[in-house]
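> Right, I'll just put the structure down here and ask away after.
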Amino acid sequence: MAAGRGNGTGARRRSVKIHEYQAKAILANFGVTIPRGEVVLAPDEAREAARRLGGRVVIKAQIHAGGRGKGVAHDPRTGNPIPLPGEAKPLGGVRVVRDADEAERIASLLLGCRLKTIQTGPEGRVVKRLLVEEALDIEKEYYVGIALDRALSLPVVMASSEGGVEIEKVALENPAAIRREAVHPAVGFRPYAARKIAYGIGIPRALTGAATSLLSALYTATERSDASLAEINPLVTTRDGRVVALDAKINFDDNALHRHPEYRELRDLDEEDPLEVEASKFGLNYIKLSGSVGCMVNGAGLAMATMDIIKLAGGEPANFLDVGGGATTEQVANAFRILLSDPNVRAVLINIFGGIMRCDVVAEGVVAAARQERVSRPIVVRLEGTNVERGREILKNSGLRLTVAKGMEDAARKVVAAASGSAA
322 MAAGRGNGTG ARRRSVKIHE YQAKAILANF GVTIPRGEVV LAPDEAREAA RRLGGRVVIK
382 AQIHAGGRGK GVAHDPRTGN PIPLPGEAKP LGGVRVVRDA DEAERIASLL LGCRLKTIQT
442 GPEGRVVKRL LVEEALDIEK EYYVGIALDR ALSLPVVMAS SEGGVEIEKV ALENPAAIRR
502 EAVHPAVGFR PYAARKIAYG IGIPRALTGA ATSLLSALYT ATERSDASLA EINPLVTTRD
562 GRVVALDAKI NFDDNALHRH PEYRELRDLD EEDPLEVEAS KFGLNYIKLS GSVGCMVNGA
622 GLAMATMDII KLAGGEPANF LDVGGGATTE QVANAFRILL SDPNVRAVLI NIFGGIMRCD
682 VVAEGVVAAA RQERVSRPIV VRLEGTNVER GREILKNSGL RLTVAKGMED AARKVVAAAS
742 GSAA
């Protein structure tokens, strides 16, 4: 597992998500038992898949968000929830169907709908593919997952007898129900540790061997794929004596994807924010947020401090944007362009400490982008460090309407006032 962290060069850990069906395929390659299933893109494909899988199947919307079963499918034309005849509640993102005919009908409603869950926000996500799986006769649901514990600097295997719900909710309401086992890489995840977890969450004795093998396979998959998170929720035992990953989620650390080109190709850009996708083309660290103050900063630590001081000044950052320690004029110009592409940005704060990154390079990039984009929004600039005087001179002679701040506090106060339309 790779463990990236912010530093002066802008290196930062970012999770790359993939779909459930892709995560299951990866886990299956390492020996994790999954249900039989097929991915479909059209209603008639769902019908044929259901027929091949025995008729009674589960239709699951494939989006990068949890809570699909409790989500609500909305008609993309009217924006209204999609009703189900004879039922009090609208269509959700996961549906058990009786036969191939019903599979085709439900698929026709789900494909192209806008599914809204607790993790998508009010805008929801458009469903473009479905996973059609065999329906299992479930005895009990559990949770298992592996994540990096930053406090321990070790991967931790987590498990709970309460499956099918968010692990955060279990941790909040019943923390004693979660079993944790830290794994030292030099030792590895030993069979006795897997058995300890299986016993601890109440796996029936007759299925302990199968559960131990599955947990070991899950850990191996996580370690070898450099996943930052691998989760099976729920893990189920069936009445015919199997232990099966009914759902799966894997996030990758993008600092390690150069070692796994096969996983990099699994990215679904339609599921990612367009501005974040655009930023990744230029090697920029950008995350869109919900505020109105656009931020362009060099260095992950300074970027975090900048967002904090904006909030202390009464504003809300619209993004995390770290141009890194060695950005070129072109990268800075592209960063500025991407930042301004967010319609929620009402004012911009450029906060640069020039160490490796020279202030004059930043100034040249900002001026070039501002002229090209014909910027009308207020811009507050705080420059310190290498070639700062030259950078300030470039900004001063640019003919642009810029506000130069004397320090971080002054910059935050001025940009928040500009975003709110008042004088600082």
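So the sequence shown is numbered by the numbering used here: it starts at 322 and just counts up by one. Idealized CB from N, CA, C, for every residue including glycine.
What is the C-beta distance between residue 672 and residue 623, in whole angstroms, given that I count them as a contact (C-beta under 8 Å)?
Position 351 of the sequence shown holds residue 672. Position 302 of the sequence shown holds residue 623. Contact flag correct, Cβ pair sits at about 7 Å.
> Could you check how far apart the C-beta atoms of residue 547 and residue 581 are, in whole angstroms? I think they sit under 8 Å.
The residue given as residue 547 occupies position 226 in the sequence shown. The residue given as residue 581 occupies position 260 in the sequence shown. Right, their Cβ atoms sit about 6 Å apart.
> Counting only runs of 4+ residues fully inside the segment 674-717, write out the alpha helix (DSSP H) ranges in chain order.
As far as the segment 674-717 is concerned, its whole alpha helix (DSSP H) runs of at least 4 residues are 680-694 and 709-717.
> Ordered along the chain, which non-local residues of its own chain (more than five positions away) have a Cβ less than 6 Å from that of residue 592?
The count along the sequence shown starts at 1 and reaches residue 592 at position 271. Once the five neighbours on either side are set aside, the close Cβ partners of residue 592 are 385.
> Give me the Cα-Cα distance between residue 636 and residue 609, rounded to the nearest whole angstrom.
The residue you call residue 636 lines up with position 315 of the sequence shown. The residue you call residue 609 lines up with position 288 of the sequence shown. Near 15 Å, if we compare the C-alpha coordinates of residue 609 and residue 636.
> Based on the DSSP secondary-structure assignment, which residues constitute the bridge partners of residue 395?
Counted from its first residue, the sequence shown places residue 395 at position 74. According to DSSP, residue 395 bridges with 402 and 435.
> Is there contact between the segment 446-463 and the segment 365-378, where contact requires at least three CB pairs shorter than 8 Å?
A contact exists between the segment 446-463 and the segment 365-378.
> Looking only at its chain, what residues have a beta carbon closer than 6 Å to the beta carbon of residue 519, apart from the 5 residues adjacent to it on each side?
For the purposes of this step, residue 519 is identified with residue 198 of the sequence shown, where counting begins at 1. So the qualifying residues of the chain are 529, 532 and 533.
> One question on the structure: do residue 502 and residue 478 come within less than 7 Å of each other, judged by their Cβ atoms?
Taking the sequence shown and counting its residues from 1, the one referred to as residue 502 is at position 181. Taking the sequence shown and counting its residues from 1, the one referred to as residue 478 is at position 157. Contact: yes.
> Would a C-beta distance cut-off of 7 Å place residue 438 and residue 388 closer than the cut-off?
For the purposes of this step, residue 438 is identified with residue 117 of the sequence shown, where counting begins at 1. For the purposes of this step, residue 388 is identified with residue 67 of the sequence shown, where counting begins at 1. It is a contact, given that the beta carbons lie within the stated cut-off.
> Quick check on residue 701 - is its C-beta less than 7 Å from some C-beta in chain B?
Reference to chain B is not applicable here, since this structure consists of a single protein chain.
> Decide if the segment 613-622 is in contact with the segment 638-646; the criterion is three or more beta carbon pairs, one per stretch, under 8 Å apart.
Touching, per the Cβ criterion.
> So, are the CB atoms of residue 738 and residue 698 less than 7 Å apart?
Within the sequence shown, residue 738 is the residue found at index 417, counting from 1. Within the sequence shown, residue 698 is the residue found at index 377, counting from 1. Contact flag unset, no.
> What residues match up with residue 499 in a beta bridge as DSSP calls it?
Counting from 1 along the sequence shown, the entry for residue 499 is found at position 178. Residue 499 is bridged to 481.
> Helix, strand or coil for residue 358, going by three-state DSSP, please let me know.
On the sequence shown, position 37 is the one that residue 358 refers to. It is a strand residue.
> Is it buried or exposed, residue 331, if we count other Cβ atoms within 10 angstroms and call 16 or more buried?
Position 10 of the sequence shown, counted from the start, is the residue given in the question as residue 331. Unreliable positioning characterises residue 331 in this predicted model, as indicated by a pLDDT of 41, which lies under 50. The coordinate reading is nonetheless provided below. It counts as buried.
> Compute the Euclidean distance between the alpha carbons of residue 708 and residue 689, then round it to the nearest angstrom.
Residue mapping note: residue 708 aligns to position 387 of the sequence shown, counting from 1. Residue mapping note: residue 689 aligns to position 368 of the sequence shown, counting from 1. Taking the straight line joining both Cα atoms gives about 18 Å.
> Where does residue 723 fall in DSSP's three states?
As a working note, residue 723 is residue 402 in the sequence shown. Residue 723: strand per DSSP, three-state reduction.
> Leaving aside the five residues before and after residue 679 along the sequence, list all residues of the same chain whose C-beta is less than 7 Å from its C-beta, in chain order.
As a position in the sequence shown, residue 679 is number 358, starting the count at 1. 707 and 708.
> State the beta-bridge partners of residue 558 as determined by DSSP.
Stepping through the sequence shown from its first residue, residue 558 is reached at position 237. Answer is 461 and 564, bridged to residue 558.
> Among residues of its own chain, excluding the 5 on either side of residue 631, which ones have a beta-carbon nearer than 8 Å to its beta-carbon?
As a first step, residue 631 must be located in the sequence shown, where it is residue number 310. Taken in chain order, the residues that qualify are 612, 614, 616, 637, 638, 670, 733, 736 and 737.
> The beta strand (DSSP E) that contains residue 572, what's its start and end?
Against the sequence shown, residue 572 aligns to sequence position 251. Per DSSP, residue 572 belongs to the beta strand (DSSP E) from 570-574.
> Within 10 angstroms of the Cβ of residue 343, are there 16 or more other Cβ atoms? Answer buried if so, exposed if not.
In the sequence shown, the residue the question calls residue 343 occupies position 22. Counting Cβ neighbours within 10 Å, residue 343 comes out buried, since at least 16 surround it.
> Between residue 491 and the rest of its own chain, which residues show a CB-CB distance below 8 Å, the 5 nearest in sequence each way excluded?
Within the sequence shown, residue 491 is the residue found at index 170, counting from 1. 464, 481, 483, 498 and 499.
> On the three-state DSSP scale, how would you describe residue 521?
In the sequence shown, the residue the question calls residue 521 occupies position 200. DSSP places residue 521 in helix when its eight states are reduced to three.
> If you measure between the beta carbons of residue 656 and residue 605, is that distance less than 7 Å?
If you number the sequence shown from 1, residue 656 lands on position 335. If you number the sequence shown from 1, residue 605 lands on position 284. Contact: yes.
> Please classify residue 585 as buried or exposed, where buried requires at least 16 other C-beta atoms within 10 Å of its C-beta.
By 1-based counting over the sequence shown, the position of residue 585 is 264. Exposed, since its Cβ has fewer than 16 Cβ neighbours within 10 Å.
> For residue 728, count the other beta carbons within 10 Å of its own beta carbon; 16 or more makes it buried, fewer makes it exposed. Which is it?
Counting from 1 along the sequence shown, the entry for residue 728 is found at position 407. Exposed: under 16 other Cβ atoms inside 10 Å.
> If we call anything under 7 Å between Cβ atoms a contact, is residue 686 one with residue 650?
The sequence position of residue 686 within the sequence shown is 365, counting from 1. The sequence position of residue 650 within the sequence shown is 329, counting from 1. Going by C-beta atoms, residue 686 is nearer than 7 Å to residue 650.
> Taking all protein chains shown into account, do 16 or more other C-beta atoms lie within 10 angstroms of the C-beta of residue 337, making it buried, or fewer, making it exposed?
Working through the sequence shown from its first residue, we reach residue 337 at position 16. Classification for residue 337: buried.
> From the DSSP output, in three-state form, read off residue 544 for me.
As a working mapping, residue 544 is identified with position 223 in the sequence shown. Here residue 544 sits in helix by DSSP.
> Can you have a look at residue 710 and say buried or exposed, based on whether 16 or more other CB atoms are within 10 angstroms of its CB?
Reading the sequence shown from its first residue, position 389 is the one you call residue 710. Burial call: exposed.
> Who are the Cβ neighbours of residue 583 in its own chain at under 6 Å, not counting the five residues just before and after it?
For the purposes of this step, residue 583 is identified with residue 262 of the sequence shown, where counting begins at 1. Excluding sequence neighbours, residue 583 sits near nothing in its chain.
> Residue 348: buried (16+ other C-beta within 10 angstroms of its C-beta) or exposed?
For the purposes of this step, residue 348 is taken as residue 27 along the sequence shown, with counting starting at 1. Buried, since its Cβ has 16 or more Cβ neighbours within 10 Å.
> Is residue 693 buried or exposed, if buried means 16 or more other CB atoms sit within 10 Å of its CB?
Residue numbering aside, residue 693 sits at position 372 when the sequence shown is read from its first letter. By the neighbour-count rule (16 or more Cβ atoms within 10 Å), residue 693 is not buried but exposed.
> So the alpha helix (DSSP H) residue 583 belongs to, where does it begin and stop?
Position 262 of the sequence shown holds residue 583. It spans 582-585 - the alpha helix (DSSP H) in which residue 583 sits, taken as one unbroken run.
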